[in-house]
Amino acid sequence: AAEGILRRQAMRESAARTYARSLPIVPVRARGLTIEGADGRRYLDCLSGAGTLALGHNHPVVLEAVRGVLDSGAPLHVLDLATPVKDAFTTELFATLPGELAADARIQFCGPAGTDAVEAALTLVRTATGRSGLLAFTGAYHGMTAGSLGASGGAPDVRVTRLPYPQDHRCPFGVGGAEGARLGARWTESLLDDPKGGVPTPAGMLVEPVQGEGGVLPAPDAWLRSMREITAARDIPLIADEVQTGVGRTGAFWGVDHAGVVPDVMVMSKAIGGSLPLAVIVYRSALDVWAPGAHAGTFRGNQLAMAAGAATLAYVRENRLAERAAELGARMLTALRGLAAQQPCVADVRGRGLMIGVELADPATGAAASDLAAAVRRECLRRGLIVELGGRHAGVVRLLPPLTITDEQASAVLDRLADAITTASR
Ligand code: PMP
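Counting from 1, position 292 in the sequence shown corresponds to residue 317 in full-length UniProt numbering; the numbering is continuous, with no gaps.
Structural data, given as structure tokens:
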């Protein structure tokens, strides 16, 4: 049966399908870190829906919350109407917000996906500032709908100015570290302040606290703080894209918490829906100047996702899973650095909390080893481990396990990954 399903998928689905190519499995059951295929094989899932499953697959508190809504007879589709489920979700979410935002936040429910919330954030800051440009960063990933607003005859195209995201390997200034981050901040200031050929004051700056798809690049805290200072001094709203970094993933509840930065707008999706589709923006009330209907969307009231999300947020908070992610993530990084010392093809090991990247490169040239990374992913799958790739040249193996992963499971993940790297690099 599984073969038939895979064959029909290959025939019927678009050539754009991605995960299905590298994961030729037919999942039929899942619990926690583990997925079971139709052939009875079990896999440790360190892709976790690209970081969506903070509590892993089918966590009992999530199932209970979803069943609670189903059994209550409450409407499942309610557009953006007020409901007890939404009220509970919003209360739970607001309790997690950083600094001043906690006391002064507005929320806009967006379409189901992270990209919908990004679009909403851009519309919001353009409306609030009356400006159109956007500062974004090299290597950024914010979704796949850029342009949908312009194409609908709505807001004009966003004029994006790219600034260098700090990174040690391939630092655009050739220095890396704190000095590279400092030069990046200086470059940003000089662009904004130069009346001859600089950029006009933009509507906002959009930044990921840790770039995930970009190759697991944690922004240095000092750099993120300087971005906050630079934007605040020029009245430019700072938008943090927390779609992948949120809900404890990086070892703090939100990625910006490490630096103590309070953004003007936070974009949230993935884990906030407890494995069901949900996306919101949360922002300072002073920005809430858009007219009724300025941002719409049919699926802004997913009651099951809100219930699953509220249960997930509460569980992460009550069980201090962000602290757990920080502690276990640090131990996993140490173990992987030990592996890097033995494997010349491992050029770098980095991450924050349970957002971990292992960069593979040719030891002779330093060139990103995308073929090797793909081979490592295949070898991982043969050993019952699902990992993701990322980075500019798809040379970074990424681990995004559920925050509920046990020490024993983490050891099994590391053993299988080490074994896969050893075999693939032979
Ligand atoms: N922002 C970030 C930081 C992401 O990692 C992603 C998805 N990987 C998105 C936005 C887009 O989310 P979605 O795929 O749900 O549109």
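Just so you know, even glycine gets a beta-carbon here, dropped at the ideal spot from N, CA and C. No experiment lies behind these values; they were computed from the predicted model shown.
Alpha carbon to alpha carbon, what distance is there between residue j and residue i?
{"i": "F278", "j": "R349", "result": "11 Å"}
{"i": "D373", "j": "G136", "result": "37 Å"}
{"i": "residue 6", "j": "A321", "result": "The structure shown does not extend to residue 6, since the chain is modelled only from 26 through 451, so no value can be given for it."}
{"i": "V391", "j": "V150", "result": "In the sequence under discussion, the amino acid at residue 391 is Gly, which differs from the Val named in the question. Looking at the two C-alpha atoms, the distance is approximately 40 Å."}
{"i": "F134", "j": "G326", "result": "8 Å"}
{"i": "G124", "j": "R66", "result": "46 Å"}
{"i": "G416", "j": "S97", "result": "45 Å"}
{"i": "S300", "j": "S215", "result": "42 Å"}
{"i": "R403", "j": "E61", "result": "17 Å"}
{"i": "D221", "j": "L312", "result": "Going by the sequence as given, residue 221 is Lys instead of Asp. Straight-line Cα distance between these residues: approximately 30 Å."}
{"i": "A257", "j": "M230", "result": "11 Å"}
{"i": "H82", "j": "L58", "result": "7 Å"}
{"i": "A333", "j": "K111", "result": "11 Å"}
{"i": "P262", "j": "R33", "result": "47 Å"}
{"i": "E29", "j": "V241", "result": "Strictly speaking, residue 29 in this sequence is Gly, with Glu absent from that position. Cα-Cα distance, rounded: 36 Å."}
{"i": "V103", "j": "G409", "result": "41 Å"}
{"i": "F324", "j": "M331", "result": "12 Å"}
{"i": "R211", "j": "T152", "result": "28 Å"}
{"i": "G280", "j": "M291", "result": "10 Å"}
Whose C-alpha, out of the options, is nearest the C-alpha of residue i?
{"i": "L78", "options": "A386, V305, L217 and G298", "result": "G298"}
{"i": "I255", "options": "D266, P227, V235 and A304", "result": "P227"}
{"i": "Q192", "options": "G168, Q236, T431 and D218", "result": "Q236"}
{"i": "E238", "options": "D266, G223, A90 and D105", "result": "D266"}
{"i": "V305", "options": "A138, A40, Y68 and A128", "result": "A138"}
{"i": "A445", "options": "C370, G318, A40 and L188", "result": "C370"}
{"i": "V422", "options": "S395, R92, S436 and L303", "result": "S395"}
{"i": "L338", "options": "L95, L118 and T447", "result": "L118"}
{"i": "A366", "options": "I264, A99, G318 and E384", "result": "E384"}
{"i": "A393", "options": "P109, L414, A336 and G378", "result": "L414"}
{"i": "P245", "options": "V286, S450, V91 and G168", "result": "V286"}
{"i": "V183", "options": "F198, G29, D289 and A145", "result": "A145"}
{"i": "L188", "options": "Y166, T213 and M357", "result": "T213"}
Buried or exposed for residue i, please, with buried defined as at least 16 other CB atoms from any protein chain shown within 10 angstroms of its CB.
{"i": "Y44", "result": "exposed"}
{"i": "L101", "result": "exposed"}
{"i": "P234", "result": "buried"}
{"i": "T275", "result": "buried"}
{"i": "L106", "result": "exposed"}
{"i": "L95", "result": "exposed"}
{"i": "T148", "result": "buried"}
{"i": "R441", "result": "buried"}
For a cutoff of 7 Å on Cβ pairs, would you count residue i as touching chain D?
{"i": "H82", "result": "The structure shown contains no chain D; it holds only a single protein chain."}
Can you find a heavy atom of the ligand ZN that lies under 6 Å from the Cβ of residue i?
{"i": "A330", "result": "Absent from the structure shown: the ligand ZN. Ligands present: the ligand PMP."}
The region 251-258 contacting the region 352-362, beta-carbon criterion three pairs below 8 Å: With a cut-off of 8 Å on Cβ pairs, the region 251-258 is not in contact with the region 352-362, counting fewer than three such pairs.
Kindly provide the ranges of any alpha helix (DSSP H) runs that are 4 or more residues long and lie completely inside the region 57-107, ordered along the chain. The region 57-107 contains these whole alpha helix (DSSP H) runs: 73-76 and 85-97.
Please confirm if the region 44-55 is in contact with the region 264-274, defined as three or more CB-CB distances below 8 Å between the two stretches. Touching, no.
The region 193-206 in contact with the region 336-354 per 3-pair CB rule at 8 Å: No: fewer than three Cβ pairs fall under 8 Å.
Does the region 284-303 come into contact with the region 71-86, if we say contact requires no fewer than three beta-carbon pairs (one atom in each stretch) closer than 8 Å? Enough Cβ pairs lie closer than 8 Å, so yes.
So within the region 119-154, which uninterrupted alpha helix (DSSP H) runs reach at least 4 residues, ignoring any that extend past its ends? Listed in chain order, the alpha helix (DSSP H) runs fully inside the region 119-154 are 139-154, counting runs of at least 4 residues.
In chain order, what are the residue ranges of uninterrupted beta strand (DSSP E) at least 3 long that sit wholly in the region 284-343? Unbroken beta strand (DSSP E) runs of no fewer than 3 residues, entirely contained in the region 284-343, are found at 290-293 and 305-309, following chain order.
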